[in-house]
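Visitor: After the structure tokens below, expect a handful of questions from me.
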Amino acid sequence: MDTNRALSNTKIIGEDICLVDSGTTHTILRDNKYFKQLTKVQANVNTISGSANLIEGSGRANIVLTNGTNLSIDNALYSTRSRRNLLSFKDIRRNGYHIETISEGKKEYLRIASYVTGQKLVLETLSAFSSGLYYTTIRTIQSYAVMHQKCTNPKLFMLWHDRLGHPGSIMMRRIVENSHGHPLKNQKILLPSNYPCTACSQGKLITRPSLSKVIVESPSFLQRIQGDICGPIHPPSGPFRYFMILIDASTRWSHTCLLSTRNIAFAKLLAQIIRLRAQFSDYPIKTIRLDNAGEFTSQTFNDYCMSIGIDVEHPVAHTHTQNGLAESFIKRLQLIARPLLMKTKLPVSTWGHAILHAASLIRVRPTAYHKYSPTQLVLGQQPNISHLRVFGCAVYVPITPPQRTKMGPQRRLGIYVGFDSPSIIRYLEPLTGDVFKARFEDCHFDESVFPPLGGDKLQPEAQREIIWNASTLSHLDPRTNQCELEVQRIIHLQSIANRLPDAFTDTKRVTKSHIPAANIPARIEVPVGQTTCTTADESKTRQKRGRPVGAKDKFPRKRKIQDKETDAPEVAGTLEETKLTNARASEEAKPTGQANERMNLPIFSRKFESPEEKSPEEEQVPTNNEITIHYMNTREILDRNKTVVDNVFSFKVALTITRSNENITGSNEESEPQTVEECRHRNDWPMWKGAIQAELNSLAKREVFGPVVETPEGIQPVGYKWVFVRKCNEKNEVVRYKARLVAQGFSQRPGIDYEETYSPVMDGITFRFLISLVVTECLDMRLMDVVTAYLYGSLDADIYMKIPEGYAMPEACNSKPRSVYSLKLQKSLYGLKQSGRMWYKRLSDYLLKEGYENDLICPCIFTKKSNSGFAIIAVYVDDLNLVGTPEELIKTAEYLKREFEMKDLGKTKFCLGLQIEHLPNGILVHQSAYTEKVLKQFYMDKAHPLSTPMVVRSLDVNKDPFRPLEEGEDILGPEVPYMSAIGALMYLANCTRPDIAFSVNLLARYSSAPTQRHWKGIKHIFRYLRGTIDLGLFYSNGSASQLIGYADAGYLSDPHKARSQTGYVFTCGGAAISWRSVKQTLTATSSNHSEIIAIHETSRECVWLRSMIQHIREKCGLSSIKDCPTILYEDNAACITQIKGGYIKGDRTKHISPKFFYTHDLQKNGDIDVQQIRSSDNLADLFTKALPTTTFKKLVANIGMRRLKNLSSSVEGESTT
């Protein structure tokens, strides 16, 4: 009763009393004027006395407290029968405010406070009744009070809508309330549905979030700055292809600058940091969060920030949400810049001006997290927007006094493109596209006219497109050391300024930077064919920067001309600086895409590009080139028309991928040293010194070096190089420092320094057969490694090498320069052309002397049989695989250790890049580690897996997704590593993954002209590998050792060139050991013809396989296969009949060459036996066409492919049973 009496006595006109209570869960309001949205509904409310039917509706309400604090309440309750208004603590906190109680004297108060830029701001102080209940007064928001007013001038609203950069209705209301200099006070804000704006409809597409954002942090001003770069953008805006933004996480203050190259991003960032520290000295910068891209990596910048106490943060790779504030700001700039351009008749190349103008408009807009604009939060005063004009409108600027006449025009036409300050505007010359500045007060604006640039015709819509991230242009702007140099120059300039605070007394000590001070395009290229301007005649007279046609200087100026063909000496410091400036200016202009012949012209040249000139991309980078996957390290570029994609190429790509993650100590660590001198200047020099001495000791132990002698006349000593590597463990910790001395074999001369270089190594087919032999014959398999194998080989020619650095010279040789002497090599050294051959000859002679045998069929296989068993030595450079009976392998290992320093690695688990898993029921050969590296290399390690490597192709030639390049279709850009992907997949298909052989072979045909369709096929294979990483060839114990072949042909597999596909596979020990999928080089006239060609290729492979297998089994005393023909399965009955009958000249076969009936002779001699098989059971079908999922999985399992996880689970299940 006491409370009600107090409420009635304190009624204020226009305002209502509201109790502020922590016990109520919802805000209850008695008047519907506070509701923005109200839904009528009957509901009960629970009180201390029980449930009461008081609620008449609910909705969103907005109220204003005593001191003007606005509260937005999402779920307020409406009740006219309620005795009082209630405000919940929960709704106050949801608006981002804090509640606390204080005592002053004997009275208690309730405070509502806010934290802005880290400082506490008290907004409301609420008193209490005698009953102890806190209360306040509430009123409706001002904009609601004028909601029923009519806008006196809708055109005025539209004009300011255009001036402010096409904001939405809510943002428009917030700008009107928090700025001055406009006539929209107390005017109704129109909704988008009430006014037509074509630019907004075309330029904006906003996806609304499903949940409202919650403010979780409010750092102080400059506590955290976030930055990001947008680009490369096509077309360029003058010399600029990028723009960089910096935004404060607290006030949303922002800075935007245009960039011609990413290499100057850090220099621009550092300059802005220096400016902020000077202008806002009371607000230290604590953290800078940058994107994880390559342009934001600079060791000099990191060191500078560390020295002044700024933390540099980079988000986790591929986690864009951690830098979401900067990325959302970029999208906001684009969202405003698009309507600005669409409203005008300017070309899209003026996006640079639109972005800068949009950035200026954002600074006067309140944000979603603050009531006030960033400008007001930073400067403390409302922004004045009276100087704003519609972007791209006509502006008449004064003609300079020397160029205007008394009777002539006093102003000329320009195109308004922004402002530098409220008193200075920027405008474009309509005819030339040059940018100028003028005083705002001296200009007249016509905001209903939008002049075109260069003419009065609009560009076609197809040309009015902006590509904000043209990835195909990234290769034009590679990272260089310019980034570090520019940062160092600015830091040096700041250090000079700190030492000389009053003036620069010594100008020679100032380091100059070639980064242009201007942040706007100096000139926009006028579109071709639009060189006549009919909007205003007075604009025709202005073709120079403020000078009419024919104007001459009273005193002619001297022009500096840089002639490429004239190499004039530098005679003065000013001339040297001029040349440096010109050279740097040309470098700045490179990313703009200008033609080569225009590189030396200044940026404001009047030359127009004719339609016959080539596009920038065609002139700077040939369209059929491709950068390699290690381009950033080697700068290697592949020519798609000349590069041969074969096994050698695939091995090089695989080697690059395999070594990409090896011997790397982390991205923040120092790179490996390149010279001994570089090692001496490092902190870990003692470790490198020990590694160098260990290598020299090893060379002395092997007696590689002869005596130090004076270099004989006519002899050119071979150079040398130290290679330094840090070996790391699985935790990326350095465990070993290794130094290796190699000879520079490229300086050797054929016929003088060496004769032959060929050295045989074991191939993958032979190695897979040996694995199947181990399984079927229950043999042992061990791996041994020869330490410094090449140092054992003797040289076949006299070779002299320069004295390596670190080698101790004899005292007798100190009288003459070191360069006079050289070392005569007595043993082969790593890097020499013949080193591999000399090592093989040394090993071969040693093994043959002990009684081991080998044959030209497989020269890398050495066999020996004794009473205790047999041993096979398979040689792959310095890796020796020992296969045989246990007793004989022990003897072989001891024999090898007597002559060579060996490492016994036990059971073979990794060899030739293959992972070998020894299981109780067989051996699995797979490449899961390599597959994971390939997927990571091409950023497909997180892709969704698929069940087949290729989609089933359509019989309709025009619908085939893997058809060749069509007319008008674009070739993949140089930045897409198509050939590298083919090479990586080809190596995998040749070693352990026959299931992708056909897919890789098909896509490899288009390496010279790949399209986006073919690249999708590559990614399809990657996704298939993603789901079958541990799939490999499983040789089971219970399988027979018989060699079985399957042959098939895919008739017109390439219908575009009328070529068929040959496919065959040979199994031994239950899994494939040899396979091939290749397009036939002849045009087959029928399916029978193609099958004859396919079985001919299969027979040729079968002959070599039988010879190799027969040699190994015979020398080891195992059962011979000479008397047992090898079965070849073929599914074409006509082909089998013709093979049995041989070549018979007839109308249907007379065009087939007799050589393709070589299979008939083999069958007649009993070497092979061709038998028919159903097409559904023919395993070679896997290598001739893309199959449905069910058929594909069936054939994959039949060639012996299994997954490691399935085999391991089955083994565990058997052991548990």
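For the sequence shown, full-length UniProt numbering assigns the number 1 to the initial residue and increments by one for each residue that follows. Quick reminder that beta carbons are idealized off the backbone N, C-alpha and C, glycines included. This structure is a prediction, so every number in the text was calculated from the model and none was measured.
#1: Is TYR1035 buried or exposed, if buried means 16 or more other CB atoms sit within 10 Å of its CB?
#2: In whole angstroms, what is the alpha-carbon distance linking VAL883 and PRO810?
#3: Quick one: any contact between the stretch 960 to 977 and the stretch 1021 to 1031, if contact means 3 or more CB pairs under 8 Å?
#4: Determine the extent of the beta strand (DSSP E) in which LYS1079 is found, giving its start and end residues.
#5: Quick one: grab the DSSP three-state call for SER1153.
#6: Consult DSSP for GLU570 and reduce its assignment to one of helix, strand or coil.
#7: Mind reading off the beta-carbon distance from ILE1092 to ILE1136? Whole number of angstroms is fine, and I expect it under 8 Å.
#8: Using the Cα positions of ILE629 and THR658, report the straight-line distance between them to the nearest angstrom.
#9: Cα separation between LEU19 and LEU86?
#10: Residues in the same chain with beta-carbon distance under 6 Å from ILE561, minus the five sequence neighbours each way, listed in chain order, please.
#11: Which residue wins for smallest C-alpha separation from TYR427, given the options ARG411, GLY408, ALA394 and PRO167?
#12: Just the Cα atoms here: how many angstroms apart are GLN826 and LEU795?
#13: For the alpha helix (DSSP H) containing PHE998, list its first residue and its last residue.
#14: Since ASN881 and CYS858 are thought to touch, with beta carbons under 8 Å apart, how far apart are those beta carbons, to the nearest angstrom?
#15: For the beta strand (DSSP E) that GLU626 lies in, which residues bound it at each end?
#16: So PHE391 and LYS343 are supposed to be a Cβ contact under 8 Å. How far apart are they, rounded?
#17: Output needed for GLU901: all residues of its chain with C-beta closer than 6 Å, excluding positions within five of it in sequence on either side, in chain order.
#18: Rounded to the nearest angstrom, what separates LYS137 and LEU126 at their Cα positions?
#19: Using 8 Å as the cut-off, can you tell me whether the stretch 1059 to 1079 makes contact with the stretch 768 to 778, which would need three or more C-beta pairs spanning the two stretches below that distance?
#20: Are the beta-carbon atoms belonging to GLN1171 and TYR1129 less than 8 Å from one another?
#21: For the alpha helix (DSSP H) holding CYS991, just list the boundary residues, first then last.
#22: Hey, ARG439 and SER423: beta-carbon distance below 8 Å or not?
#23: Taking the beta carbon of THR675 as the centre, do at least 16 other beta carbons fall within 10 Å, making it buried, or is it exposed?
#24: Is DSSP giving GLN272 helix, strand or coil here?
#25: Which of helix, strand or coil does DSSP assign to ALA462?
#26: So, are the CB atoms of SER386 and HIS234 less than 8 Å apart?
#27: Taking 8 Å as the threshold (C-beta atoms), are THR251 and PRO374 in contact?
#28: Going by beta carbon distance, what residues of the same chain come within less than 7 Å of LYS120, once the five residues before and after it are set aside?
#29: Quick check on the burial criterion: 16 or more other C-beta atoms within 10 angstroms. Buried or exposed for CYS200?
#30: Give me, in chain order, the residues of the same chain whose beta-carbon lies closer than 6 Å to that of VAL653; leave out the 5 immediate sequence neighbours on both sides.
#31: Would the stretch 25 to 35 and the stretch 52 to 67 be scored as touching if the rule is three or more Cβ pairs under 8 Å?
#32: So, GLN226 versus ALA128, is the Cβ gap smaller than 8 Å?
#33: By the 10 Å Cβ neighbour count, where 16 or more other Cβ atoms means buried, how is CYS778 classified, buried or exposed?
#34: Considering only residues of the same chain and omitting the five flanking positions on each side of ARG842, which have a CB-CB separation below 6 Å?
#35: Would you grab the beta carbon distance between THR1028 and GLU969 for me? Rounded to a whole angstrom, and I think it's under 8 Å.
#36: Which residues does DSSP pair with ILE330 in a beta bridge?
Guide: The structure says:
#1: buried
#2: 48 Å
#3: By the Cβ test, the stretch 960 to 977 is not in contact with the stretch 1021 to 1031, since fewer than three Cβ pairs between them sit closer than 8 Å.
#4: 1071 to 1079
#5: coil
#6: Model confidence at GLU570 stands at a pLDDT of 36, short of 50, so the residue's coordinates are unreliable and nothing is read from them.
#7: No, ILE1092 and ILE1136 are not in contact; Cβ-Cβ is about 10 Å, not under 8 Å.
#8: 12 Å
#9: 5 Å
#10: Reliability of the predicted coordinates at ILE561 is poor, the pLDDT of 39 falling under 50, and no value is obtained from them.
#11: ALA394
#12: 7 Å
#13: Where PHE998 is concerned, the enclosing alpha helix (DSSP H) starts and stops at 997 to 1004.
#14: Not a contact, Cβ separation roughly 13 Å.
#15: 625 to 627
#16: 7 Å
#17: VAL787
#18: It should be noted that the sequence gives Thr, not Lys, for residue 137. If you draw a straight line from the Cα of THR137 to the Cα of LEU126, it comes to about 9 Å.
#19: Verdict: yes, contact present.
#20: yes
#21: 978 to 991
#22: Yes, the pair counts as a contact, with Cβ atoms nearer than the cut-off.
#23: exposed
#24: Shown here, GLN272 sits in a helix according to DSSP, grouped into three states.
#25: At ALA462 the pLDDT is 40, less than 50, meaning the model places this residue with poor confidence and gives no usable figure here.
#26: No.
#27: yes
#28: ALA113
#29: buried
#30: SER980, GLY983 and ALA984
#31: yes
#32: no
#33: By the 10 Å Cβ count, CYS778 comes out exposed.
#34: TYR792 and GLY793
#35: Incorrect: roughly 32 Å between the Cβ atoms, too far for contact.
#36: The beta-bridge partner set that DSSP reports for ILE330 is empty.
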